[in-house]
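To start, the structure under review is shown below, and the notes come after it.
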């Protein structure tokens, strides 16, 4: 019985072992290499081999690396059509376009894409992603994975030409990394980055490096104006931090001397703040809009577009306008535009008021122009070298036709047929008494007529004392130098001074007493 049990146990054990061996062998053929790691994208990286610029352009590359070698042929190529059939691109663009091709390298573990002509779909570092399609034919070189697999899309890293060389800055120092200022036109090499960088009320101009010739544009007081700017930044438009637009500059002035300036600041989180410097109250209804637009017709690079709507309340003294922009690294650039913008029309602001002084009297002035004013008595004033001066009024000649004939006779009759010497003698104290009295009476009539015009009510009360005018003779002038006592003191002081000077010049020959 014992032997029979042992035989049965041994036979059963062999059967179980055989079944397990057969099962394991069969399972290995059904699920080959079930625990092997899936093939995935490990690197999705942008690069500019020569760092010739900082934007996506011809010659730039994108490297796609996998965690293991693929079933592709090392050194083989992949066309743009084949690439788009195997991969899905997203994050702002739906595919790669333009003219590009791929080359398999590093034992077919890496696919290097190179663009010979960029298209309209611009990949963006940190935004563009890649993901395999379900119909992909790419698998591991060992054939242990059916195709590429990943749980989430991979995001583009690297850069399309970040400048890292050391260069000189405008202030004579050095910098590393980003050393390129934002621009509305051309860069430091004279290469145009932006077309039509400045537009005012529909008139556009290509901005130059420093000074941009600009025809005189007329803006009317009280009407809305539109200024448009396109700004290129080598690290992208989101790295622009400040922009200023200044009006009313004279030749030789700098932007900080503007009396009407609009400033836009952009924080790192995109928050925008608007500042209007306007001590003369020349601007009104200022508002700003921003967006991303193409820098030129090629659509290869994005610029920050800033649109400033504004209305002038009063004309400005000068016409030159200027812009100032800086980026995250506080690299800045200024541009000036001449002939600029001329503001015309009547001011909407109340007239300015000043105080003027003339011959010790203070007058209240009201401005009538940039350099003219009028006081409370109707007198005109002119601003010269920062000082208000009362205008000179020439004495008016009395027109005979405006006077009664009898009053004209009182002047002419005593002087009729008289020589120049006799006329002069008639108006002096030593002149003929009767002729002088007649002339005096004539002058009094003229004075009464003039006074009646200036002050109609002055004759309401008689002023009899007019005939009691007296004269006063000053006593004979005495000359103090004729006084003997003064003359004696002068001689004494003169001798004393001569003695002191002789001693100072020659002490040995002139000892002190």
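Residue numbers (my numbering): 33 to 545. Glycine is no exception: its CB is placed at the ideal position from the N, C-alpha and C atoms. Predicted, not measured: the structure shown is a model, and the values here were computed from it.
Is residue 396 helix, strand or coil when you go by DSSP?
strand
Which residues does DSSP pair with residue 308 in a beta bridge?
294
Would you check if the distance between the CB atom of residue 420 and the CB atom of residue 392 is smaller than 9 Å?
no
Top-ranked residue by Cα proximity to residue 280, from 157, 255, 313, 476:
313
According to DSSP, is residue 257 part of a helix, a strand, or is it coil?
strand
Quick check: the Cα distance between residue 340 and residue 162, rounded to an integer number of angstroms?
39 Å
Enumerate in chain order the residues of its own chain whose CB-to-CB distance from residue 252 is below 8 Å, with the five nearest sequence positions on each side excluded.
344, 375, 376, 377
Are residue 123 and residue 156 close, meaning C-beta to C-beta below 9 Å?
For residue 123 and residue 156, yes; Cβs fall inside 9 Å.
Alpha carbon to alpha carbon, what distance is there between residue 542 and residue 517?
29 Å
Measuring straight from C-alpha to C-alpha, what distance separates residue 60 and residue 174?
Any reading at residue 60 must be qualified, since the residue scores a pLDDT of 34, below 50, and its modelled position is unreliable; the value itself is stated next. For residue 60 and residue 174, the distance between alpha carbons rounds to 16 Å.
Considering residue 416, what are the terminal residues of the alpha helix (DSSP H) in which it resides?
No alpha helix (DSSP H) contains residue 416, which is instead part of the beta strand (DSSP E) from 412 to 416.
If you measure between the beta carbons of residue 407 and residue 424, is that distance less than 9 Å?
no
In terms of residues, what are the limits of the alpha helix (DSSP H) holding residue 526?
516 to 537
Consult DSSP for residue 270 and reduce its assignment to one of helix, strand or coil.
helix
Kindly indicate which three-state DSSP category residue 338 falls into: helix, strand or coil?
strand
Rounded straight-line distance, which links the Cα of residue 309 to that of residue 133:
54 Å
Start-to-end residues for the beta strand (DSSP E) that takes in residue 98
Membership of residue 98 in the beta strand (DSSP E) is indicated by the continuous run 93 to 98.
Find out if the Cβ-Cβ distance for the pair residue 226, residue 172 is shorter than 9 Å.
no
Is any heavy atom of the ligand ADP found at a distance shorter than 8 Å from the C-beta of residue 374?
With respect to the ligand ADP, the structure shown offers nothing to examine, as it has no ligands at all.
Pick out whichever of 369, 234, 244 has its Cα sitting closest to the Cα of residue 257.
234
Are the beta-carbon atoms of residue 79 and residue 147 separated by less than 9 Å?
no
Measure the C-alpha to C-alpha separation of residue 286 and residue 96 and round it to an integer number of angstroms.
51 Å
C-alpha distance - residue 254 paired with residue 220, whole-angstrom precision:
39 Å
CA nearest to the CA of residue 130, picked from 332, 166, 75:
332
Simplified DSSP assignment, three categories, for residue 78:
strand
Return yes when the Cβ of residue 353 is within less than 9 Å of the Cβ of residue 277, no when it is not.
yes
Select from 104, 110, 121, 169 the residue whose C-alpha is nearest the C-alpha of residue 141.
Here the closest residue by C-alpha is 104.
How should residue 9 be labelled, buried or exposed, when 16 other C-beta atoms within 10 angstroms of its C-beta is the threshold for buried?
For the chain, the structure presents residues 33 to 545; residue 9 sits outside this window and is missing.
Quick check: the Cα distance between residue 493 and residue 415, rounded to an integer number of angstroms?
42 Å
Contact check, residue 158 vs residue 187, beta carbons under 9 Å
Yes. Within cutoff.
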